[in-house]
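Be aware that the sequence shown starts at 73, since it is given in the working numbering, and climbs by one per residue.
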Amino acid sequence: MKYSRLFLSIQTLISLKLEFCDIDNDSARHLATALKTNTTLIELEIFNNRTGTAIDNVFMDYLLDIFEQNSTLTDLDVSSNEFSIRGVKFLTNALKLNKTLTTLNLGNNQIGDNGIDYLSAALKENEVTLINLNLSRNQFGDKGAQHLADLVKENKKLIELNLEWNNITHQGRSDLIYALQYNETLMQLYYSVNLNDRIVLKQPLINSIRQMKTLTTLDLSNCQISDLLMEPFAIAMKNNSTLIDLNLQANEIGDTGAKELSNILKENETLQILNLQNNRIYNDGARYLADALKTNTTLITLNLSDNKILEEGEYHLLNMALFNITLKTLYVNNDKNLIELSTFLINTINQMKTSTSIDLSNKSLRNPEIRILANVLQSNTILTTLDLHHNEIDNGSAEYLADIMKKNITLITLNLRHNKINSDGVFHLCHALDKNKTITMINLQNNFITDQGANRLNFVLIFNKTIKILDLKGNHISVKLANRIANSIQEASIINFERDTINDQELQELIDSLQNNMTQTTWNLQNKRLDGRAIRIITKSLYNNTKVTTLDLSYNTIANNSGRMFTSILSHNNTLLTINLQYNRMKDAVAKRFAKALERNTTLINLDIGGNYITGRGARSLAKALRKNRTLKCLNLQNNLIDIKGVQSFANVLRENQVKSIF
């Protein structure tokens, strides 16, 4: 009785859905009574009512009353209700009386072979209007399939039939396939996931598909279709002119089967959706399909995910997508639609025709994409800067980039930092550098290069006189190899081998190497955790150095004692132009030392001591020194502890001195 009042108020409903409602016989009676006079209901769904009382015989008796009176209902869903053969009998009688029902969902019940027999007999009646029938998960086998085969032969109205997840074996499949050639209305057949024995296609399927005049959707997923069965299938499909959607997901189709399907795609002019997900297709199969799709102008969606396709096969598919203007969806190894990726590549290729600089950083580019771009760039005569940092570039991509470096005559700057290149990838780049005469800057920061790759790079750079800037920071290169490379590039202006830590011996080796390099003008020693001993080594090295103009010691721990030692450089060195000592825990004592040194120094132009612990007292000492110093142009004191008096002390200095910037 719990739904009786509710059912009295459904006289004007168009759609009624009752899921997990535990409808009892009394509620079913009230529902039937209400629906007898309803003149608007089109859709009725009563499914998953298994909590205590399954909808069965009594309800079906009431349903018969509904069908006798109702003249509007078109869709009925009574799936997952466990009604038995007697319930099916009531339903078939109702179908004979009803003149409006077009869609019936009986999925996930217990109909069995006998129930299918009753249902098939009812649907053979000319008066039955049903066009969509779902019989999935109903525990019927070959006998039930035979009844349905007889129905398929005679029924002139059924358009969609779902037979998934039953117990049909090869015999039942053969009966159904044979019957299809006599049906002129069925457009969608779903057949996947029946018993796990080999599907018998061959001649029955060939005859059926050849003669099918209406079927637009065919679902043969989970049917264990192998390469041996694809040849007869391909023969049949060549003459089919109706099929639009073909699902072959979760079978055993390999490269040979893919080749047969590619032959279909070369000739077929109607197929728009092809699902080959979760098969056994490798690179060769992908290449066969890619070749076919270069000329196919009808396929819109192709799903090849969960196969065995690697980057070689993906390259062929992606390259095809650059030229195919019909395909809109292509999935291979991940959730990324390759058609969207191909659109990005097309836009990039077009940009390369006019731009001198291309930024492709942070695009998740892998070998297939790099290979396509490399093919274009080999003959490009405009591009000078290519930025590929933060991608998925590995040794394979490095080989494709090396091909660019061998043939391209305009590229000057190549940024490959934060990728996955190791020493093997460096070998490819080195081979290209043997021939390249234009690239002056290469950034390989934060890759996986070891001494093995660095040693090869060192050998090449002895003879390459073009490279001016080389960044190998964040790799796994020893100081010893770094020194060798520094000595090999005698004309380089910047060589960066920055590492997180460096001991005294390594620091001395690095300093010795830099001293011997006649053109190295920048020493970058930031963030090395340098202590007092390290500062003593650097200070001593710079006393008589006449080449270094820029020294970066930021983010270390120089502090007061080391700072006082370091300021003595300004009294001895006459070539340093820029010094960066940001964030070194220096206090007023060091600031006063710098102030005294600046009074005598006549070469330093830029001094950065921001981010330390300098107060107004230290600032006033620096301001006083700048009244005498006429060469310093830029002084950075940001992020210190300077008070308002310290700031005011620079006011007059800015009017009297040549300092351009104090901040």
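Just so you know, even glycine gets a beta-carbon here, dropped at the ideal spot from N, CA and C. Predicted model, so just to flag it, every value in this text is computed and none were measured.
Taking 8 Å as the upper bound for CB-CB distance, N120 and S152 are in contact here, some 5 Å apart.
At least 8 Å separates the beta-carbon of N678 from that of N656. Within the same chain, D576, L579, Q580 and I583 come within 8 Å of I609 by CB-CB distance, once the 5 residues on both sides are set aside. If you draw a 10 Å sphere on the C-beta of L300, you find fewer than 16 other C-beta atoms in it, and that means exposed.
L88 and T201 have their C-alpha atoms roughly 21 Å apart. Taking C-beta separations shorter than 6 Å and ignoring five residues to either side along the sequence, the partners of L614 in its chain run I641 and N645, following chain order. DSSP places H461 outside both helix and strand once states are collapsed to three, so it counts as coil. No Cβ-Cβ contact shorter than 8 Å links K196 with N170. Taking C-beta atoms as the reference points, D356 and S334 fail to come closer than 8 Å. Looking from the CA of N434, the closest CA among N487, T401 and N396 belongs to N487.
The beta carbons of L597 and I630 sit no closer together than 8 Å. Nearest to T428 by alpha-carbon distance, out of L483, T415 and Y354, is L483.
The beta carbon of T398 lies closer than 8 Å to those of N368, T369, T370, L371 and I372 in the same chain, with the five residues before and after it left out. When only Cα atoms are considered, I381 and N409 end up about 15 Å apart.
According to the DSSP assignment, K310 belongs to the alpha helix (DSSP H) that extends over D299 to K310. The alpha-carbon separation between N463 and I549 amounts to approximately 22 Å. For S87, the enclosing beta strand (DSSP E) stretches over residues S87 to E91.
Counting along the chain, Y254 sits inside no alpha helix (DSSP H), nor does DSSP assign it H or E at all. Rounded to whole angstroms, the Cβ separation of L113 and L163 is 18 Å, and the two are not in contact under 8 Å.
Sequence-distant Cβ neighbours of D149 in its own chain, meaning closer than 6 Å and more than five residues away, are E117, F119 and N177.
Positions of the beta strand (DSSP E) runs, each at least 3 residues long and wholly inside the segment 652-727, are given as 678-680 and 706-708 in order along the chain. Of the residues assessed, Y263 falls on the buried side of the cut-off, its CB having 16 or more other CB atoms within 10 angstroms. By the C-beta criterion, the segment 304-322 is judged to be in contact with the segment 341-361, since at least 3 inter-stretch pairs fall below 8 Å. Here the C-alpha atom of N379 lies approximately 21 Å from the C-alpha atom of S436.
Considering only N323, A446, I316 and C502, the residue with the shortest C-alpha distance to D475 is A446. For I609, the enclosing alpha helix (DSSP H) starts and ends at G604 to L614. With contacts defined as CB atoms closer than 8 Å, I493 and L516 qualify as a contacting pair.
DSSP places F119 inside the beta strand (DSSP E), whose first and last residues are E115 to F119.
The C-beta of Q321 has 16 or more other C-beta atoms within 10 Å across all chains shown, which makes the residue buried. Here I511 is buried, its C-beta having at least 16 other C-beta atoms within 10 Å. Only residues of its own chain outside the window of five on either side were considered, and among them E464 have a CB closer than 6 Å to the CB of R438, listed in chain order. For the 8 Å CB-CB criterion, N701 and E671 form a contact. A251 has its alpha-carbon roughly 10 Å from the corresponding atom of R245.
Restricted to the segment 478-560, the alpha helix (DSSP H) segments that are unbroken, complete and at least 4 residues in length are 495-505, 523-535 and 551-560, listed in chain order.
Where I336 is concerned, the enclosing alpha helix (DSSP H) starts and stops at D327 to E339. When the beta-carbon positions are compared, A669 and T650 stay at least 8 Å from each other.
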